[in-house]
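If you count the sequence shown from 1, you need to add 8 to reach our numbering.
Built from N, CA and C at the ideal position, the CB exists for glycine as well.
Worksheet: one structure, shown below.
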Amino acid sequence: MFDQFDRFDPGAGRFSAQSPNTVRYPTRFALTRAGVLVLALLPTGGAEAFPGSIRFPGNGTSLSNLAFAPTIRVPDDPSTGLVLQSASHEVGLGTPQVLCRIFETVAVNGTPEAGSTTLFKTNVAGLGVRYSIKRQANGPFTDAPYSTSFLPPVSHTAEYHIRAELVVTGPPGSGTLTTLPSLTVTFTGRCFDTVSKTQSITPGSLFTAGTCNVTTWAIHVELPPRVSPSNLASAGAVPFSIGLNCAAPVRAYMSLVDASNPGNRSAILSAAAGSTAKGVGMQILFESRALSFGVHDPDSGVRNIAFMGRMNAGTNRIPLSARYVRTGPVSGGTLKGLATFTMSYQ
Numbered sequence: 009m010f011d012q013f014d015r016f017d018p019g020a021g022r023f024s025a026q027s028p029n030t031v032r033y034p035t036r037f038a039l040t041r042a043g044v045l046v047l048a049l050l051p052t053g054g055a056e057a058f059p060g061s062i063r064f065p066g067n068g069t070s071l072s073n074l075a076f077a078p079t080i081r082v083p084d085d086p087s088t089g090l091v092l093q094s095a096s097h098e099v100g101l102g103t104p105q106v107l108c109r110i111f112e113t114v115a116v117n118g119t120p121e122a123g124s125t126t127l128f129k130t131n132v133a134g135l136g137v138r139y140s141i142k143r144q145a146n147g148p149f150t151d152a153p154y155s156t157s158f159l160p161p162v163s164h165t166a167e168y169h170i171r172a173e174l175v176v177t178g179p180p181g182s183g184t185l186t187t188l189p190s191l192t193v194t195f196t197g198r199c200f201d202t203v204s205k206t207q208s209i210t211p212g213s214l215f216t217a218g219t220c221n222v223t224t225w226a227i228h229v230e231l232p233p234r235v236s237p238s239n240l241a242s243a244g245a246v247p248f249s250i251g252l253n254c255a256a257p258v259r260a261y262m263s264l265v266d267a268s269n270p271g272n273r274s275a276i277l278s279a280a281a282g283s284t285a286k287g288v289g290m291q292i293l294f295e296s297r298a299l300s301f302g303v304h305d306p307d308s309g310v311r312n313i314a315f316m317g318r319m320n321a322g323t324n325r326i327p328l329s330a331r332y333v334r335t336g337p338v339s340g341g342t343l344k345g346l347a348t349f350t351m352s353y354q
């Protein structure tokens, strides 16, 4: 027997105590336990996975290098902006399960040419590189650098063309192309992982001004053997020529040096050893103009070079002539002169 029974009075919302001598049993007694439902989000154990992806290039590998020709010659009198070489390839772009907007950033890694945002320097003076991109076979190329965005194609595959051009940016020099700009293409979006690839150009192309081979290295010019002092001027000029065989059209230049007196910078050739005549010299003429002698050394500021004209590919002749000239009181004897010539080309 219980001394007391505690009951819950639902009406009063409290427990009440009965007298110790009375025990009452409720007609029905039930106990209900409350349950607690706990919901938890458990980590999957890895980074967020995107259903879509970018395949660039389309085969999923790295971009192969572009390449210019092994040897590149300067054409005759090239103008600024002239494209000397162009190399391109179609690499493809895949966008499987990509349903969001694609952001494309195309950057050029290099030093821009002065006054240009799309031409970039190489190690050869007067030569720059321009990159451009197009995503449609018949569409226009867009010069890099640039940024844009686009929706993925319905087929989730697209063409992607990359082009590099070698452009004249000033008076071109010569040498081997060893330092060339590269191109980096980056794709970003909210439904795929970022993809970035770099396009390079294979170095090693040799850039040269057009050159010629001299075919008449040793030239002997014989002036009239007997001339009286009073007839020097009327003796006339004796024609001769320098032969050139050129691989391509070029501009030819020549400098003359007095072999008997290298410091001579006049237009009169000194008498060589063994000469006995006095008061007489010789001149070499091009288009009736007497050419000056002297070493051509532009690095030290000493210039002595004459333009000989534009040469064609193949065989060429530079027409010259030689004549007597009075330098003082004339006395009879023999006269001989020696000169060397150096050809250069642009």
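Asked, Found
"Beta strand (DSSP E) containing residue 169: first to last residue?", "169 to 176"
"Counting C-beta neighbours from all protein chains within 10 Å, is the total for residue 225 16 or more, i.e. buried, or is it exposed?", "exposed"
"Under 8 Å, with one C-beta from each stretch per pair, do the stretch 276 to 296 and the stretch 174 to 188 reach the 3-pair mark?", "no"
"What residue range does the beta strand (DSSP E) around residue 253 cover?", "246 to 254"
"Which word fits residue 67, buried or exposed, when buried means at least 16 other C-beta atoms lie within 10 angstroms of its C-beta?", "exposed"
"Terminal residues of the continuous beta strand (DSSP E) containing residue 344?", "That residue, residue 344, is in no beta strand (DSSP E); it is neither H nor E in DSSP."
"Excluding the 5 residues preceding and the 5 following residue 272 in the sequence, name in chain order all residues of the same chain whose CB lies nearer than 8 Å to its CB.", "266, 278, 301, 302"
"Could you check whether residue 64 and residue 197 sit closer than 8 Å to each other, using their CB atoms as the reference points?", "no"
"Could you give the first and the last residue of the continuous beta strand (DSSP E) run that contains residue 120?", "No beta strand (DSSP E) holds residue 120; DSSP gives it neither H nor E."
"In this structure, how does DSSP classify residue 237 when only helix, strand and coil are distinguished?", "helix"
"With a 10 Å radius around its C-beta and 16 neighbouring C-beta atoms as the bar for buried, classify residue 135 as buried or exposed.", "buried"
"Using CA coordinates, which residue listed in 82, 100, 89, 341 is at the minimum distance from residue 126?", "89"
"Spatial neighbours of residue 150 within its chain, please: CB distance less than 7 Å, with the 5 preceding and 5 following residues excluded, ordered by chain position.", "140, 141, 142"
"At which residue ranges does the stretch 193 to 231 contain complete beta strand (DSSP E) runs of 3 or more residues, listed in the order of the chain?", "203 to 207, 214 to 217, 220 to 222"
"Taking residue 316 as the reference, which of 250, 160, 341, 153 has the closest Cα?", "250"
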